[in-house]
Amino acid sequence: MESYWSRLKAELFENGVFRSLEDARIELFDYIECYYNRKRRHSSLGNISPEQFEQNYYLMLNQNLHS
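Structure representation (structure tokens):
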């Protein structure tokens, strides 16, 4: 969990300070929901992103239905 917070701080604050609390909230939401949870590679998924894992799953499912 510590590596999560250190990565979050490093990536969110690399451009300096936010203009407002609302800007900080938006950036935090985008980082967690759009990048960290969907695009970042996960070792538990074979080092691919959840987004890619889901695409592969539906591709395989579709191929199995048509074979």
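Everything in the sequence shown is counted per this note's numbering, starting at 11 for the first residue and increasing by one. Ideal Cβ positions, reconstructed from N, Cα and C, are used throughout, including at glycine.
- Listed in chain order, the alpha helix (DSSP H) runs fully inside the region 28-59 are 31-39, counting runs of at least 4 residues.
- His76 has its alpha-carbon roughly 11 Å from the corresponding atom of Leu69.
- Counted as a single uninterrupted DSSP element, the alpha helix (DSSP H) harbouring Ser13 occupies residues Glu12 to Leu22.
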